[in-house]
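Asker: Residue numbers (the working numbering), protein chains in the order written: chain S, 990 to 1264; chain F, 48 to 368. No residue lacks a Cβ here, since even glycine has one placed at the ideal position from N, Cα and C. From a predicted model like this one, the values you see are computed outputs, not experimental measurements.
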Amino acid sequence: MKLTVPELEKKAAGLRIASMKMIMGAGGGHLGGSFSAMDIMTALYFNVLRIDPENPDERGRDRFILSAGHKAAGYVPVLAERGYFSKDLLPTFNKLESRFGVHPDKNKIPGCEVSTGSLGHGLAIGLGMALALRMDGLDSKVYVLLGDGELHEGTNWEAAMGAAQHKTSSLVAIVDYNKCSMDGPIDQVVSLEPLVEKWKAFGWDTIRIDGNDMAAVLAALQNAAGRGSRGAPVAIIADTVKGKGAAFAEGDYRWHYGCPSDEQLAESIKALGGI
Amino acid sequence: MAELSMADIEKMSARDAFGLALSEIGAENDKIVLLGADAIGSTRAAGFAKRFPERTFNFGIAEQEMVSAAAGFAACGKIPVATAYGFLISLRACEQVRTDICYPNLNVKLMSTHTGLSMAEAGTTHHSTEDIAIMRSFANMTIVAPSDSLETVKAVKAVIEYPGPVYLRMGRGETESVYSEDYEFVIGKAVTLREGSDVTIIACGIMVAEAVRAASTLASGGISARVLNMHTIKPLDVEAVLLAAKDTGAIVTAEEHTIIGGLGEAVAGTVCENRPVPVVRVGLNDCYGIIGPEEGVKQKMGLNAEAICLAVKRALRLKAR
Chain S
990 MKLTVPELEK KAAGLRIASM KMIMGAGGGH LGGSFSAMDI MTALYFNVLR
1040 IDPENPDERG RDRFILSAGH KAAGYVPVLA ERGYFSKDLL PTFNKLESRF
1090 GVHPDKNKIP GCEVSTGSLG HGLAIGLGMA LALRMDGLDS KVYVLLGDGE
1140 LHEGTNWEAA MGAAQHKTSS LVAIVDYNKC SMDGPIDQVV SLEPLVEKWK
1190 AFGWDTIRID GNDMAAVLAA LQNAAGRGSR GAPVAIIADT VKGKGAAFAE
1240 GDYRWHYGCP SDEQLAESIK ALGGI
Chain F
48 MAELSMADIE KMSARDAFGL ALSEIGAEND KIVLLGADAI GSTRAAGFAK
98 RFPERTFNFG IAEQEMVSAA AGFAACGKIP VATAYGFLIS LRACEQVRTD
148 ICYPNLNVKL MSTHTGLSMA EAGTTHHSTE DIAIMRSFAN MTIVAPSDSL
198 ETVKAVKAVI EYPGPVYLRM GRGETESVYS EDYEFVIGKA VTLREGSDVT
248 IIACGIMVAE AVRAASTLAS GGISARVLNM HTIKPLDVEA VLLAAKDTGA
298 IVTAEEHTII GGLGEAVAGT VCENRPVPVV RVGLNDCYGI IGPEEGVKQK
348 MGLNAEAICL AVKRALRLKA R
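Listed below in structure tokens is the structure:
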């Protein structure tokens, strides 16, 4: 499935609304990070990833790991829209015995490769996958979506060193750099800067983009996808806006987790094109 | 093992036996990949690394990364054998073991060396005396602690063939031989090393040899002790434990580990819930290991036949109440 940039933009707008409704049904969710990363996840699932929801275990598929697992409120509607399961299940989000919790669960969600949520695990798991797939002569890519606050966890940097050492250019890290973590603006919590230079110093190629500009997101992902499996790994530093697409939440760290009102939903539906 | 006799293997340390077995099994199963954390030499996995460099991955001193990467390998169909010292796998990479490997029930083999007090002179930072307790608490986990080098060879083979996450616990130094002849090793099945009717000593790892010695001493004093080698701590051989409770009416456990959460509590919990009889635990009594040569430290910390004999006498007094 390869949607064009305007089609992807429309898809991302619709997914933001689906996510907001799902969050409201649950009485709250991680809106801020789900929305900042929505353009990246939409581009991956509707253009870039070599996947088949009919054959979710196909050996040669690309892998996606939502290492910043709290963005599940955005990820789960993406998987449903892509056809891994019925959209009718979305209202069960966070309900008793649901498949969908605040963090995504591999054991319960079709299409989900790894149970995440505890930060700092995804990149190293992705590294193991990239090495195993390369051993088997498969050209599959492994994409790992990281939060910016997540990069406070030292294990990311262990994996960054390991990936450079093992030359896994089939491993692509994407940092959703929305500049906020849970306690506040990230520069006031613990700054990541200079972030691009950090990845470079760890031996990675870097691409810095506006992560809410669909054309830029798609170009960066396609660039990263074309580097074979035995070279420098690539980190896409995606500057994003926390809560992007929900005017009331944009740039406000307090919307890391919350529940929009009916008025805020109506306002967002209008702003996102009435989908 | 093809090239080596049992006598050769008996002279080896558990980790050397592990390295030998891994290298041989590696030739039969190309799904096995070796993951190391800058200790491939000292965990004795170097033989495999030399023979199969394309299947060997060193992550440097980064055990958390290694364990997470193992999950990635297993998710793509490999059988990752992740090697490190016991305290590093169980403490440093604890959350990675639980969340990345045990929850998704991945086929990862955690080969843990230098466990217990086998690196006693390295100091308390390097002692692995809580690892069984930690690993036991994870659903889906299997824990195997062989008693000597021969059993280690058998255990490595069994562990590789056993589906799901396994923690294999091995010491650093030479082991005292428990077995003089060949036998069948089955994960989850205790081995009765000596029959007895007054008490049962249930031990794992290097404490099995101490248990056998204790039973001989006790026999000369007229006490008949059964000895069970509980090489698999999880899943516990409940049948063998309850039979011991029924037949002998008193149990002593022995492990090179804290008495909190280890083999002793596994046995005690099973006995309490099903057939209450006295259970007395031998191990570290809620304390840390001291520093010194392994043998001296073991004696000083009460990890020996003498301590087991004292525990048996206490268990028999409780039984007589």
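Any idea which residues DSSP pairs Lys360(F) with across the strands?
Answerer: DSSP lists no partner for Lys360(F).
Asker: How would you call Pro340(F), buried or exposed, if buried means at least 16 neighbouring beta carbons within 10 angstroms?
Answerer: exposed
Asker: Using the beta-carbon of each residue, which ones in chain S are nearer than 8 Å to Tyr214(F)?
Answerer: Within chain S, no residue comes near Tyr214(F); the closest Cβ sits about 18 Å away, beyond 8 Å.
Asker: What residues match up with Val191(F) in a beta bridge as DSSP calls it?
Answerer: Leu215(F), Thr279(F)
Asker: If I'm right that Lys1130(S) touches Ala1221(S) with Cβ under 8 Å, what's the distance once you round it to whole angstroms?
Answerer: Contact doesn't hold; Cβ gap of about 14 Å is too wide.
Asker: Can you give me the Cβ contacts of Asn1096(S) inside the same chain, cut-off strictly under 8 Å, excluding the 5 residues immediately before and after it?
Answerer: Ser1104
Asker: Anyone know if the C-beta pair for Gly252(F) and Glu286(F) falls short of 8 Å?
Answerer: no
Asker: Rounded to whole angstroms, how far is the Cβ of Ala1162(S) from the Cβ of Leu1122(S), which I believe are closer than 8 Å?
Answerer: No, Ala1162(S) and Leu1122(S) are not in contact; Cβ-Cβ is about 16 Å, not under 8 Å.
Asker: On the criterion of 16 or more Cβ atoms from any shown chain inside 10 Å, does Gly1262(S) qualify as buried, or is it exposed?
Answerer: exposed
Asker: Whose CA, out of Val299(F), Tyr230(F), Ala292(F), Arg183(F), lies closest to the CA of Ala258(F)?
Answerer: Val299(F)
Asker: Which of the residues in the segment 154 to 172 of chain F, read from start to end, lie with their CB under 7 Å from any CB of chain S?
Answerer: none
Asker: By the DSSP assignment, the alpha helix (DSSP H) with Glu257(F) in it spans what residues?
Answerer: 254 to 267
Asker: Excluding the five sequence neighbours on either side, which residues of its own chain have a C-beta within less than 7 Å of the C-beta of Leu1120(S), listed in chain order?
Answerer: His1155, Thr1157
Asker: In chain order, what residues of the segment 124 to 151 of chain F put their CB closer than 9 Å to some CB of chain S?
Answerer: Gly124, Lys125, Pro127, Glu142, Gln143, Thr146, Asp147, Tyr150, Pro151
Asker: Could you please give the first and the last residue of the uninterrupted beta strand (DSSP E) stretch that includes Phe1024(S)?
Answerer: Counting along the chain, Phe1024(S) falls outside any beta strand (DSSP E), though it belongs to the alpha helix (DSSP H) covering 1020 to 1025.
Asker: Compute the distance between the beta-carbons of Gly66(F) and Ala92(F), then report whether it is under 8 Å.
Answerer: Yes, the Cβ-Cβ distance between Gly66(F) and Ala92(F) is below 8 Å.
Asker: Could you list which residues in chain S have their beta carbon closer than 8 Å to that of Phe120(F), in chain order?
Answerer: Gly1117, Met1118, Leu1120, Ala1121
Asker: Which residues in the same chain as Ile148(F) place their Cβ atom closer than 6 Å to its Cβ, once the five residues preceding and following it in sequence are excluded?
Answerer: Ala118, Val155, Pro212
Asker: Determine the direct distance from the alpha carbon of Ala1148(S) to that of Asp371(F), and round the result to whole angstroms.
Answerer: With chain F running from 48 to 368 in the structure shown, residue 371(F) is simply not present.
Asker: If the cut is a Cβ gap below 9 Å, which residues of chain F does Met1150(S) touch?
Answerer: Phe106, Gly107, Ala109, Glu112
Asker: Mind checking the segment 1103 to 1116 of chain S against chain F and listing, in chain order, the residues whose C-beta falls within less than 9 Å of any C-beta there?
Answerer: Considering only beta carbons, the part of the segment 1103 to 1116 of chain S lying closer than 9 Å to chain F consists of Val1103, Ser1104, Thr1105, Gly1106, Ser1107, Gly1109, His1110, Gly1111, Leu1112, Ala1113, Ile1114, Gly1115, Leu1116, in chain order.
Asker: For Ala68(F), which three-state DSSP category applies?
Answerer: helix
Asker: Would you identify the three-state DSSP class for Met48(F), choosing helix, strand or coil?
Answerer: With a pLDDT of 48 at Met48(F), under the threshold of 50, the predicted position of this residue should be treated as unreliable, though the coordinate-derived value follows. Residue state, collapsed to three classes: coil.
Asker: Spatial neighbours of Ser1218(S) within its chain, please: C-beta separation below 8 Å, excluding the five flanking residues on both sides.
Answerer: Ala1119, Leu1122, Arg1123, Asp1128, Thr1157, Ser1158, Ser1159
Asker: In angstroms, rounded to a whole number, what distance separates the CA positions of Asp1194(S) and Asp1028(S)?
Answerer: 22 Å
Asker: Measuring only the C-alpha atoms, how far is Met48(F) from Glu71(F)?
Answerer: Confidence at Met48(F) is low in this model, with a pLDDT of 48, below 50, so the placement of that residue should be treated as unreliable; the coordinate-derived value is given next. Separation of Met48(F) and Glu71(F) (C-alpha to C-alpha, rounded to the nearest whole angstrom) is 8 Å.
Asker: Pick out whichever of Glu320(F), Met182(F), Met188(F) has its Cα sitting closest to the Cα of Gly133(F).
Answerer: Met182(F)
Asker: Are the beta-carbon atoms of Ser194(F) and His278(F) separated by less than 8 Å?
Answerer: Cβ distance < 8 Å, so Ser194(F) and His278(F) count as in contact.
Asker: Between the Cα of Asp1046(S) and those of Ile1175(S), Tyr1246(S), Glu1102(S), spot the shortest distance and give me the residue it belongs to.
Answerer: Glu1102(S)
Asker: Roughly how many angstroms separate the alpha carbons of Ile87(F) and Val1067(S), rounded to a whole number?
Answerer: Cα to Cα, Ile87(F) sits roughly 42 Å from Val1067(S).
Asker: To the nearest angstrom, report how far apart Pro282(F) and Ala237(F) are at their CA atoms.
Answerer: 11 Å
Asker: To the nearest angstrom, how far is it from the Cα of Met188(F) to the Cα of Ile136(F)?
Answerer: 13 Å
Asker: Name the chain A residues that come within less than 9 Å of Lys1095(S), Cβ to Cβ?
Answerer: Among the protein chains of the structure shown, namely S and F, there is no chain A.
Asker: Name the chain F residues that come within less than 8 Å of His1155(S), Cβ to Cβ?
Answerer: Phe104
Asker: If contacts are defined as beta-carbon pairs under 8 Å, then Gly1017(S) and Gly1232(S) qualify, I think. What distance do you get, rounded to the angstrom?
Answerer: Contact flag wrong, Cβ pair sits at about 14 Å.
Asker: In the DSSP assignment, what residue or residues form a beta bridge with Cys1169(S)?
Answerer: Assignment of beta-bridge partners to Cys1169(S) by DSSP yields Pro1174(S).
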